Amino acid sequence: MRIEASQINMNSGHASQTRYERTETLTTERRQTNAQGEESTQRTSLTRSTNFTSKELLTYSDLRKRFSESQLEPDERRLASLQSQPMANTANTTNTSADAPFRLELSSDDRVRLLLIQQLMQSLTGKEFKMQLFDARSFKLDLELPSQPLPTITTPQVESFSFQYHREETFYQAENTHFKATGLVKTADGRSIDISLQLNLSRELVQHNSFMLRVGQNLTDPLVINFNGNSAELTETRFEFDLTLDGHPNLIPSLGANSAFLALDKNNDGIINDGSELFGAITGDGFNELAAYDDDNNGWIDESDAVFQHLKLWVHPGNSDSQQLMTLSEAGIGAIYLGNAKTPFSLLQSGDSSLLGMIQSTGIYLSEDGSVGTIQHVDLTV
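Following the UniProt record's numbering, the residues of the sequence shown are numbered contiguously, the last one being 382.
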């Protein structure tokens, strides 16, 4: 082909956008019991948000470096470094002499806790906050004790003290390029060729990261049956129940109206007495505990298994006067599948976003009418 004449027009365009959003929440919870046995809970919550948009193409690592300074964000590398160090022998010294220098070694867990306390105080006061170990042996007090014994002072007992740091990040990047060519070409052999070409290129990248660090708050999991195809929900109302099997009642978040605990009344007293009659409180794996009752090993708990007729749904947990139990047959449940998939999801309290529990995994059950429902391993804060 030989070109004799041509007229070509080209145009193009390019657009890009980078967006970065981050929300951090630091929550502390302190539970106390006073001398009269009355319980109280004090919560403190701080939230910081970052929203950034640019027409430039920036990477996630670029933005992490740019916004690394945060009053709430723990230094993950420092935490990882602390946690990776070997456990120290706390408060042990090799020299027992009274004049020997005092040396207290903190465990890695204690160092993480101190770091969180330090960052919390800096967030609350806006000032630099430092902590150091106190050597009581370096102080000599010359006090004369009174001849009469001091009166006994009753002080509140601290039941629990916990920290929770939660970070949600969303990184979004988009790029669009278009190219268009039009024109007319004449060749030496007399042909005319119309040029019309259009090219569009586009891409999008969405990345979501979630990080949670919790210190001082225990999670214990029972299995929860959900009705009407819903997922488990927790309410701020708590009730007393010995879920951890230590002989002392815990304050347990209540389930939503469409859920019930799967229970086994082992002593047939018509009451769910403690966590041993739920699935998961003993081993931390409710699905595995339930699977031990699969007599025919078909992967289901159904009428072929002896335990089926003894399983109960604990609909209204509470004291013995308000407990309501129903059988699987009364609830219309025909079989429970023992397989499950990991579905981590935080269940937070409305208002201050403190943690009530976490959904860890989800399975299914079949109703007698053929409909499908969910059964979930839910960790509860105690």
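Virtual Cβ for every residue (Gly too), placed ideally from N, Cα, C. These numbers were taken from a predicted model, which means no experiment stands behind them.
Distance, residue j Cα to residue i Cα
| i | j | result |
| --- | --- | --- |
| PHE179 | THR28 | 55 Å |
| THR283 | GLU289 | 8 Å |
| ARG78 | ASN297 | Per-residue confidence for ARG78 stands at a pLDDT of 44, beneath the threshold of 50, marking its modelled position as unreliable; no derived number is given. |
| GLN324 | TYR60 | 52 Å |
| LEU255 | HIS14 | 52 Å |
| LEU243 | HIS208 | 34 Å |
| ASN250 | GLU240 | 5 Å |
| ARG66 | ASN230 | 41 Å |
| GLY357 | SER304 | 33 Å |
| THR374 | VAL206 | 29 Å |
| ASN273 | GLU168 | 39 Å |
| HIS377 | GLN309 | 22 Å |
| LEU278 | LEU311 | 10 Å |
| ARG287 | ALA232 | Checking the sequence shown, residue 287 turns out to be Phe, not Arg. For PHE287 and ALA232, the distance between alpha carbons rounds to 16 Å. |
| SER49 | GLN198 | 42 Å |
| ASP302 | SER329 | 10 Å |
| SER16 | MET10 | 21 Å |
| LEU63 | THR23 | 14 Å |
| ASP285 | THR327 | 22 Å |
| THR44 | GLU236 | 16 Å |
| GLY370 | GLY247 | 41 Å |
| MET212 | GLN349 | 15 Å |
Extent of the continuous alpha helix (DSSP H) run through residue i
| i | result |
| --- | --- |
| SER61 | 60-66 |
Residue range of the beta strand (DSSP E) that includes residue i
| i | result |
| --- | --- |
| ASN250 | 250-255 |
| GLY286 | That residue, GLY286, is in no beta strand (DSSP E); its alpha helix (DSSP H) goes 286-291. |
| ASN226 | 223-226 |
| SER276 | Unbroken run through SER276: none, as it is neither H nor E. |
| GLY247 | It is not in any beta strand (DSSP E) - GLY247 carries neither H nor E in the DSSP assignment. |
| LEU379 | According to the sequence provided, residue 379 is Asp. The question's Leu does not apply to it. Looking at the DSSP string, the run of the beta strand (DSSP E) that includes ASP379 is 372-381. |
| LYS312 | 311-314 |
| SER367 | 355-367 |
| residue 385 | As shown, the chain starts at 1 and ends at 382. That puts residue 385 outside it, with no answer to give. |
| MET326 | 325-327 |
| LEU57 | Premise fails: LEU57 is in no beta strand (DSSP E) and is neither H nor E. |
| PRO344 | 341-348 |
| ALA263 | 259-264 |
Residue i CB to nearest heavy atom of the ligand GDP below 6 Å
| i | result |
| --- | --- |
| HIS166 | Absence of the ligand GDP is noted for the structure shown, with no ligands found whatsoever. |
Cβ shell of residue i (< 7 Å), same chain only, five flanking positions each side left out
| i | result |
| --- | --- |
| VAL372 | ILE364, LEU366 |
| ASN228 | ASN258 |
| ALA331 | LEU313 |
| GLU368 | GLY332, GLY334 |
| ASP295 | SER304, ASP305, ALA306 |
| ILE8 | ALA181, GLY183, ILE195 |
Own chain residues within Cβ distance below 6 Å of residue i, not counting five before or after
| i | result |
| --- | --- |
| ALA260 | ILE225, LEU313, TRP314, VAL315 |
| THR170 | GLU21, HIS208 |
| VAL307 | TYR293 |
| LEU347 | LEU234, LEU356, GLY357 |
| ALA291 | LEU338 |
| PHE345 | ILE359 |
C-beta contact flag for residue i and residue j at 7 Å
| i | j | result |
| --- | --- | --- |
| GLY270 | PRO222 | no |
| VAL185 | SER12 | no |
| THR53 | ARG19 | yes |
| ALA181 | ILE195 | yes |
| SER276 | LEU245 | yes |
| THR187 | GLU56 | no |
Close Cβ partners of residue i (< 8 Å) along its chain, the five nearest in sequence each way excluded
| i | result |
| --- | --- |
| LEU380 | LEU219, THR220, ASP221, PRO222, LEU234, LEU243, ILE252, PRO253, LEU356, GLY357 |
| LYS266 | SER276, GLU277 |
**Prompt:** Contact between the stretch 333-342 and the stretch 362-377: three or more CB pairs below 8 Å?
**Reply:** Yes, since at least three Cβ pairs between the stretch 333-342 and the stretch 362-377 fall closer than 8 Å, the two stretches touch.
**Prompt:** Given 8 Å as the limit, is there contact between the stretch 165-185 and the stretch 197-211, that is, 3 or more CB pairs closer than that?
**Reply:** The stretch 165-185 is in contact with the stretch 197-211.
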